[in-house]
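S.K.: Every letter in the sequence shown is one number past the one before it in this note's numbering, and letter 33, counting from 1, is 235.
Virtual Cβ for every residue (Gly too), placed ideally from N, Cα, C.
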Amino acid sequence: MSLRARRDAVVREHMESENRHEFDVTLRTFAHPRYELIATGEVYDGEEAVRGYYAATRAAFPDQRNVVHVIHHADDAVIVEFDLLGTHRGPLRGIPPTGRAFTCRMVALFL
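(1) What would DSSP say about E244, mapped onto helix, strand or coil?
(2) For Y237, write down the residues that DSSP places opposite it in a beta bridge.
(3) Pick out whichever of F225, E238, E224 and T300 has its Cα sitting closest to the Cα of F312.
(4) Does DSSP classify H216 as helix, strand or coil?
(5) Give me whichever residues DSSP pairs with R307 in a beta bridge.
(6) Report yes if the CB atom of R209 is closer than 8 Å to the CB atom of H274, and no otherwise.
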C-alpha cells in the first residue's frame with residue numbers, strides 16, 4: 203500500500219470513528235493526540251485533553267457528526283473539507299442548550 207493510500211485510510215478511519223463516537227479508535231489514528239482549534243485558539247494536547255474535548259462537545263451536541271466532501275493530499279499533510287453537524291442539546295461553555303441544529307463547513311489539517 204502506498205503512503206498516500208495509508209494516510210487516506212487513517213484519515214477516513216479518524217473521521218468515521220468520530221461519527222460512531224468510538225473515540226478509542228479515533229485516538230489510535232493520532233501519532234500524538236492533539237486538536238488545535240484555530241478560530242478560538244484552543245489547544246487540546248495529549249490523550250486526556252482530547253478525551254475531555256470529545257466529552258464536552260458530545261455532551262453539548264450528542265448527535266455531532268461530520269460529512270466529508272473532499273480529501274486533498276499534499277507531500278506532508280492531508281486536508282479534509284467537511285461539514286460538521288449537530289443539535290445543541292446540552293450546556294457548553296456556560297451556554298444553555300438551545301435545541302437548535304447547526305451545519306458548519308470545516309477544514310481539518312492532518313499533519
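M.R.: In terms of the structure at hand:
(1) The three-state secondary structure of E244, taken from DSSP, is strand.
(2) In the DSSP assignment, Y237 is bridged to Y246.
(3) Nearest C-alpha to F312 among F225, E238, E224 and T300: E238.
(4) Under the three-state reduction of DSSP output, H216 falls in the helix class.
(5) DSSP output for R307 lists D285 as bridge partner(s).
(6) No; because the gap between Cβ atoms is not below 8 Å, this pair is not in contact.
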